[in-house]
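Accompanying notes for the structure given below.
In full-length UniProt numbering, the protein residues as written are 1 to 1126.
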């Protein structure tokens, strides 16, 4: 990846026109020389980009100049050669340093897009050295013999083996330009599309050589860059064959943004560092445990796969018109049938779910590297027969060479296009027999599906996904379940959804709006003409009242169907369903819900409970079920994987994990707090809180009124899930005070106000009166009725946003418990954990003797999350939330929340949010943190690049704006729960609880993890119901060069600091809190939706973020510095 010419003159610009051209030239660059590689491995360092512009001063001068001392970060980071470190062309090596003259004669070459895609950034070693070392020339061989060599890190050798490829002969003797030239030659202004390393013009986009994939460690943009002086030597050894050219990514894939800056200037939003490499061979802390993982080993062949693009369009229309997205793969299947009929013994064709990408192990007969047009007839879902034109065009040769290189550590990026080809081949057979939802495959209904209520059924399926790991490629196989709409008449669906036992004669406005929102975008089949189309809503009027123009006269829907189809409607007072984009009106009784449609949006609370009840199975049972699914896949007889040369193992892999020790916890006030050691992820709160607060003035409001039915009978009071009388309220106050005092809280036993309300509409006025009457009011305890979501939203809106009063809600099912039974007081204990945190107190903290070394110095822990509106919602905004610790334990957190554009995953205002939280940390602790640990939730692998490009830069800018010279070490970790890795303890002695799960604290960081990037699985909690799901952590940036044990122990300990319960949780507490803050803000926004008079999402596109929306999620100053979200 060296110079490829700017103008015709010197360098490689003239050479590219000869012989096999630029492509052969690129291949020659990546041919490794064995002797060159051996010498570089002995030296343990390679040339950095700045060394290109330094002249070769000869051995005498190099002997005079001392070599700079290798920094510890070199070994820790496994620094390796960047793409720019390749040796320059020979004919340019013989040119002496010309200073300013050379800069005038030799024009600056254009930048390479491929480097910008990679987002290569400066290594820590590239930071500027002191002045006396900046002008040291390149070291010669004699000095390199005298200088002691640093201990070679294994990752260095792997990287250098890939990076130090032998360049063509004409590129081996170019001297490197000195420091004087770099000082005299002014830097030109960065242009769009430029590479930022000063190298020559680029290859075609999407065709990087494997040798170009360096392992740059990102640097803080405010720090200068050092210039280690190590020069690669020319190679004279034998060479390997040139690797094949890497193709472009398939259509529909996420392509890197070809932009970025690096160097001595501050890093901008568009600079994209690469995730750091794994710092070691895995952690050592904890006891070993043997596990089985639901991964199957995959053997990948060598050679090529041919990628073809497909273009579908209806005859006579423009491209990609005349069919739906769901119909695309069905149309491509017709093309495959034509191909197989013409070539019964030809190679197999596979295609992805989009229908845009097709793969074949060999060139397709009749197409080769050209294209072919297919004409075919296809009956669409709406029953119309159409003629389609499908163009199949050869797009690229996908070489499996690069994937094997990456798995062996010689290629620093996993090639997405190759992964896509293999994934498509392995999913082809399941896709043809089942209903595919992303990487999950569901069998068609058999009648044994379980109902979840509301017209929804739970379908069980199989999850299949290919994963690169440290061993080899692995196939992740798991059982999965999701909600599907039940195939039935729309009338029956409406009754189930509206929870109506009998079909209503007509719908009131509330029912109509609610059902209109649910039916929208569901595919229905009309029974009178057998067509399938998506519903777009409900009519405002009934079938007998809704009219339209038909042949010049007004006709009602009722009369139209009588005259046209001789159908007499049985329910003319019900609304009609709008069908298709034109909104044609069809009577609701003439429609059926089509089978095989995944539920839109989230399940209700009751549906979620039913889903868990039907799908939560003990770990050994899940292991057995996965084993059955593996046999059901029949990969040993799969013609597609066999034709592609892919071999799948039959047995799940056995791996080695470790169980981390739980942290010792401190309880009780004073200088000598008590200790509590968790066991199996939980502990008893037998002692007083570490820092209990005083509650002087508080109130209690009950929304449970006396008019509710007393189903208990008899003369005594009724204690039930829906009712709480006056005596029940008195008992609740008594036991609440009693339990609070047991835990050290000084609470006034007489609330300043106790009242009952008949509805939530008067909540605003009630809060206003309480605030005026009791200006020092600290807390309002609210008893909510059954299904009291509306009450909850109104209470939290008034307390958090409008009046700034801390609130604590309790459901009537819990408030009506008989607390004289001490076993039921656990509910009140958990209630006090939340109340004390909201008042600014601390329940417990990590003991100083076991606390992670990272927490021994001032460090701030962040958690961040973004929540999006439900699936199918095309207008409502997303919400971003960030929390940050404000004490040294850390147990207390501040929060910031923002509304942003619909489904925008990146946190738009992160810079300001981080800056505010850093100021709050300084105000509460009196110190500014030297390290930032940032846990980011809700990010998929395809968004890692965007996160680094936007959010990391925002954090760095926030630090610089806070203080010019403030450059704390940043560690950015992504937390993922949406994956299908499951672990099962091999030894029954290691199985915990009724579900026989793996122990809390189980960590896996070898074998099935990323081949070279820094990630690990951690199951920090004890599974109570079903099979435990570990969290997956991926380090995207790390200034501190932490070891595996450092971050794994810290992460595990943070899972024990969650204030809501005396159990460890599945992700670190700050990430959990960010999730709560975002969802609380979502509740605040629902207030805005309800004031609009309609909750039905329209198709007008994303709503503009208004000031009113911002105000609705802006927390009142009185509670802004408290854990109101606890």
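Built from N, CA and C at the ideal position, the CB exists for glycine as well.
*How big is the Cα-Cα spacing for residue 1112 and residue 800?*
Counting from 1 along the chain shown, the entry for residue 1112 is found at position 1112. Counting from 1 along the chain shown, the entry for residue 800 is found at position 800. If I take the Cα positions, the gap works out to 10 Å.
*Does the region 987-1006 touch the region 936-953, meaning 3 or more C-beta pairs lie closer than 8 Å?*
no
_DSSP three-state label for residue 317, please._
For the purposes of this step, residue 317 is identified with residue 317 of the chain shown, where counting begins at 1. The answer is coil: DSSP assigns residue 317 none of H, G, I, E or B.
*Identify, in the order they occur along the chain, each residue of the same chain with its Cβ nearer than 8 Å to the Cβ of residue 1203, setting aside the five sequence neighbours on each side.*
This structure does not reach residue 1203, given that the chain is present from 1 up to 1126, and the question cannot be answered.
*Helix, strand or coil for residue 385 per DSSP?*
What you label residue 385 is simply residue 385 of the chain shown in a count that begins at 1. Three-state DSSP puts residue 385 in a strand.
*Can the beta-carbon of residue 458 be found less than 8 Å from the beta-carbon of residue 426?*
Along the chain shown, read from residue 1 onward, the residue named residue 458 stands at position 458. Along the chain shown, read from residue 1 onward, the residue named residue 426 stands at position 426. No, the Cβ-Cβ distance between residue 458 and residue 426 is not below 8 Å.
_Reference residue 510; option with closest CA among 502, 860, 498, 302_ = As a working note, residue 510 is residue 510 in the chain shown. That would be 498, whose Cα lies nearest to the Cα of residue 510.
*If you check the beta carbons only, do residue 841 and residue 689 fall under 8 Å apart?*
Position 841 of the chain shown holds residue 841. Position 689 of the chain shown holds residue 689. Contact: yes.
*For residue 902 versus residue 1103, is the C-beta spacing smaller than 8 Å?*
Here the question's residue 902 lines up with position 902 in the chain shown. Here the question's residue 1103 lines up with position 1103 in the chain shown. Closer than 8 Å, so yes.
*Same chain, Cβ closer than 7 Å to residue 282, neighbours up to 5 away in sequence not counted*: Numbered from 1 along the chain shown, position 282 holds the residue referred to as residue 282. The answer, listed in chain order, is 1005, 1006, 1044.
*Taking one C-beta from the region 302-312 and one from the region 349-358 each time, how about it: are there three or more such pairs within less than 8 Å?*
yes
*Taking 8 Å as the cut-off, decide whether the C-beta atoms of residue 974 and residue 917 are in contact.*
Against the chain shown, residue 974 aligns to sequence position 974. Against the chain shown, residue 917 aligns to sequence position 917. No.
*residue 543 versus residue 514 - alpha carbon distance*: The count along the chain shown starts at 1 and reaches residue 543 at position 543. The count along the chain shown starts at 1 and reaches residue 514 at position 514. Going from the Cα of residue 543 to the Cα of residue 514 covers about 19 Å.
*Candidates 687, 1077, 835: which alpha carbon is nearest residue 879's?*
Residue numbering aside, residue 879 sits at position 879 when the chain shown is read from its first letter. Checking every option, the nearest Cα to that of residue 879 belongs to 1077.
*Would you list, in sequence order, the uninterrupted alpha helix (DSSP H) runs of no fewer than 4 residues that lie entirely inside the region 467-504?*
490-497
*Just the C-alpha distance for residue 828 and residue 835, rounded to the nearest angstrom, thanks.*
For the purposes of this step, residue 828 is taken as the residue at position 828 of the chain shown. For the purposes of this step, residue 835 is taken as the residue at position 835 of the chain shown. So the alpha carbons of these two residues sit roughly 10 Å apart.
_Nearest neighbour of residue 606, chosen from 453, 677, 694, 594 [CA to CA]_ = What you label residue 606 is simply residue 606 of the chain shown in a count that begins at 1. It is 453.
*So, is residue 535 buried or exposed, given that buried needs 16 or more other C-beta atoms within 10 angstroms?*
In the chain shown, the residue the question calls residue 535 occupies position 535. Flag for residue 535 reads buried.
_residue 913 to residue 897 span [Cα, whole Å]_ = As a position in the chain shown, residue 913 is number 913, starting the count at 1. As a position in the chain shown, residue 897 is number 897, starting the count at 1. Those two C-alpha atoms are separated by around 8 Å.
*Flag this pair as touching only if the region 855-867 and the region 930-941 have three or more C-beta atom pairs under 8 Å; answer yes or no.*
yes
_What does the alpha-carbon distance come out to for the pair residue 866 and residue 375?_
Along the chain shown, one-based indexing puts residue 866 at 866. Along the chain shown, one-based indexing puts residue 375 at 375. In a straight line, the C-alpha of residue 866 is about 46 Å away from that of residue 375.
_Top-ranked residue by Cα proximity to residue 810, from 822, 318, 795_ = Numbered from its first residue, the chain shown carries residue 810 at position 810. When each option's Cα is compared against that of residue 810, the closest is 795.
*Looking only at C-alpha atoms, which of 277, 299, 622 sits nearest to residue 478?*
Position 478 of the chain shown, counted from the first residue, corresponds to residue 478. Checked all of 277, 299, 622; the closest Cα to residue 478 is 622.
*Please name the residue, chosen from 1009, 568, 833, 982, that lies closest to residue 1034 on a Cα-to-Cα basis.*
The residue given as residue 1034 occupies position 1034 in the chain shown. Out of 1009, 568, 833, 982, 1009 has the C-alpha closest to the C-alpha of residue 1034.
*By DSSP, does residue 642 sit in helix, in strand, or in coil?*
By 1-based counting over the chain shown, the position of residue 642 is 642. Helix.
_Beta-carbon within less than 6 Å of residue 764's beta-carbon, same chain only, minus the 5 sequence neighbours each way: which residues are those?_
Position 764 of the chain shown, counted from the start, is the residue given in the question as residue 764. Cβ neighbours of residue 764 beyond the five flanking positions: 798.
*Decide if the region 985-993 is in contact with the region 631-642; the criterion is three or more beta carbon pairs, one per stretch, under 8 Å apart.*
no
*Continuous beta strand (DSSP E) stretch holding residue 897: start and end*: The residue given as residue 897 occupies position 897 in the chain shown. 893-900 is the span of the beta strand (DSSP E), which, as asked, contains residue 897.
*asked:* Along the chain, where does the beta strand (DSSP E) containing residue 1131 start, and where does it finish?
replied: For the chain, the structure presents residues 1 to 1126; residue 1131 sits outside this window and is missing.
_Per-residue burial, residue 316 [other beta carbons within 10 Å of its own, 16 or more giving buried]_ = Residue 316 sits at position 316 when you count from the first residue of the chain shown. Result: exposed.
*Can you give me the Cβ contacts of residue 146 inside the same chain, cut-off strictly under 7 Å, excluding the 5 residues immediately before and after it?*
Here residue 146 is taken as the residue at index 146 of the chain shown, counted from 1. A caution first: residue 146 carries a pLDDT of 40, below 50, which makes its placement in the model unreliable, though a value can still be read off. Nothing listed; no residue qualifies.
*Leaving out five residues on either side along the sequence, give the residues of the same chain with a beta carbon under 7 Å from the beta carbon of residue 594.*
Your numbering for residue 594 matches position 594 in the chain shown. Only 487, 523, 524, 525, 532 meet the Cβ criterion.
_Range of the contiguous beta strand (DSSP E) that encloses residue 880_ = In the chain shown, counting from the first residue as 1, residue 880 sits at position 880. Per DSSP, residue 880 belongs to the beta strand (DSSP E) from 878-885.
*For residue 1051, which residues of its own chain have a beta-carbon under 7 Å away from its beta-carbon, when the five flanking residues on both sides are left out?*
Residue mapping note: residue 1051 aligns to position 1051 of the chain shown, counting from 1. Within the same chain, residue 1051 has close Cβ partners 1018, 1033, 1068.
*asked:* Can you list, in chain order, the residues of its chain with a C-beta nearer than 8 Å to that of residue 1083? Leave out the 5 residues immediately preceding and following it.
replied: Within the chain shown, residue 1083 is the residue found at index 1083, counting from 1. Taken in chain order, the residues that qualify are 792, 793, 796, 797.
*Does DSSP classify residue 789 as helix, strand or coil?*
Residue mapping note: residue 789 aligns to position 789 of the chain shown, counting from 1. DSSP places residue 789 in helix when its eight states are reduced to three.
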